[in-house]
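Notes for the one structure printed next.
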Amino acid sequence: NAGVMQNPRHLVRRRGQEARLRCSPMKGHSHVYWYRQLPEEGLKFMVYLQKENIIDESGMPKERFSAEFPKEGPSILRIQQVVRGDSAAYFCASSARDSVYEQYFGPGTRLTVT
Amino acid sequence: AQSVTQPDIHITVSEGASLELRCNYSYGATPYLFWYVQSPGQGLQLLLKYFSGDTLVQGIKGFEAEFKRSQSSFNLRKPSVHWSDAAEYFCAVAAYGSSNTGKLIFGQGTTLQVKP
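Going down the list, the protein sequences come from chains A and B.
End of the first sequence = 114 in our numbering, gap-free, step of one.
End of the second sequence = 1116 in our numbering, gap-free, step of one.
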């Protein structure tokens, strides 16, 4: 049973480009969470999604960031016009519907903005 | 606002020695508490969690944690550390009102180094 998969594992973008981060939840999981880990900091919640719905986006920056979890395919975290401050590790976690605190984390995508 | 504090950024212990990692939280009601471990370049793995009941919680890999309401603490312990325990450890609390969202608030982490 494959765990949470994220790709790419490493992503380098120049300032102003777009970054797309993908997350495939564990089989049978319908809930996806995105967290960001800035250097020397803990993880910060960004957004919680179910299939085709954003449930809680209270941690998402107001501009340039968006997330989706379509009916088919992986969840996508999209960052437009990246800036150096977006450099971080982005982690995706998934859970089953009836156990939102049993979150299984992917290996993360490390974004570097040059 | 809710928060989680891990007072120790780095801890070094000798292999075979006991370990205690500190975690303090601020929360108005009975919290849901978690400890995660992150190996270099990897995602987070859940070690244990506390929701209610017995305040001493057993987890995987020989870890345990004790919830102390009077001290707002949830410290992680292990009687005998192995070299493979070297990693970063995160304490987390479920955000208030997040019963339907699973939103977690993390501490800054404690890096554990194990001396041979």
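Yeah, the Cβ is synthetic: ideal placement off N, Cα and C, and Gly gets one too.
If you're wondering where the values come from, they're calculated on a predicted model, not measured in any experiment.
Count the other CB atoms, across all protein chains shown, that sit within 10 Å of the CB of residue i; report buried if there are 16 or more and exposed otherwise.
| i | result |
| --- | --- |
| Gly-106 (chain A) | buried |
| Pro-25 (chain A) | buried |
| His-1010 (chain B) | exposed |
| Ile-79 (chain A) | buried |
| Val-1093 (chain B) | buried |
| Ala-1029 (chain B) | exposed |
| Ser-1070 (chain B) | exposed |
| Val-83 (chain A) | exposed |
| Arg-36 (chain A) | buried |
When DSSP builds the beta bridges, which residues end up paired with residue i?
| i | result |
| --- | --- |
| Arg-36 (chain A) | A:Lys-44, A:Tyr-90 |
| Arg-110 (chain A) | A:His-10, A:Ala-89 |
| Gln-1058 (chain B) | B:Glu-1064 |
| Ile-1105 (chain B) | B:Val-1093 |
| Val-82 (chain A) | The partner list for Val-82 (chain A) (beta bridge, DSSP) is empty, contrary to what the question assumes. |
| Ala-1087 (chain B) | B:Leu-1112 |
Could you give the distance in angstroms between the alpha-carbon of residue i and the alpha-carbon of residue j?
| i | j | result |
| --- | --- | --- |
| Asn-53 (chain A) | Leu-21 (chain A) | 18 Å |
| Arg-97 (chain A) | His-31 (chain A) | 6 Å |
| Phe-1106 (chain B) | Phe-1090 (chain B) | 7 Å |
| Met-60 (chain A) | Gln-17 (chain A) | 19 Å |
| Ala-1001 (chain B) | Phe-91 (chain A) | 23 Å |
| Gly-1053 (chain B) | Glu-40 (chain A) | 34 Å |
| Ala-93 (chain A) | Glu-57 (chain A) | 15 Å |
| Pro-70 (chain A) | Ile-55 (chain A) | 13 Å |
| Arg-13 (chain A) | Gln-6 (chain A) | 17 Å |
| Gly-1109 (chain B) | Leu-1019 (chain B) | 15 Å |
Over the uninterrupted beta strand (DSSP E) stretch that includes residue i, give me the two end residues.
| i | result |
| --- | --- |
| Ser-1018 (chain B) | No beta strand (DSSP E) contains Ser-1018 (chain B), which DSSP labels as neither H nor E. |
| Ser-66 (chain A) | 65-68 |
| Thr-1030 (chain B) | Unbroken run through Thr-1030 (chain B): none, as it is neither H nor E. |
| Arg-1077 (chain B) | 1073-1078 |
| Lys-62 (chain A) | Run containing Lys-62 (chain A): none; DSSP gives neither H nor E here. |
| Asp-56 (chain A) | 53-56 |
| Arg-22 (chain A) | 19-24 |
Would you list, in chain order, the members of the stretch 1032-1043 of chain B that have their beta-carbon closer than 9 Å to a beta-carbon of chain A? Cβ contacts with chain A come from Tyr-1032, Phe-1034, Tyr-1036, Gln-1038, Gly-1041, Gln-1042, Gly-1043.
Output, in sequence order along the chain, the residues in the stretch 51-80 of chain A whose CB is closer than 7 Å to any CB in chain B. Ile-55, Asp-56
Of the residues that make up the stretch 10-44 of chain A, which ones have a beta carbon closer than 9 Å to any beta carbon in chain B? Residues of the stretch 10-44 of chain A with a C-beta atom less than 9 Å from some C-beta of chain B are His-31, Tyr-33, Tyr-35, Gln-37, Glu-40, Glu-41, Gly-42, Leu-43, Lys-44, listed in chain order.
Return the residues of the stretch 79-109 of chain A that lie within a Cβ-Cβ distance of less than 9 Å from chain B, sorted by chain order. Phe-91, Cys-92, Ala-93, Ser-95, Ser-99, Val-100, Tyr-101, Glu-102, Gln-103, Tyr-104, Phe-105, Gly-106, Pro-107, Gly-108
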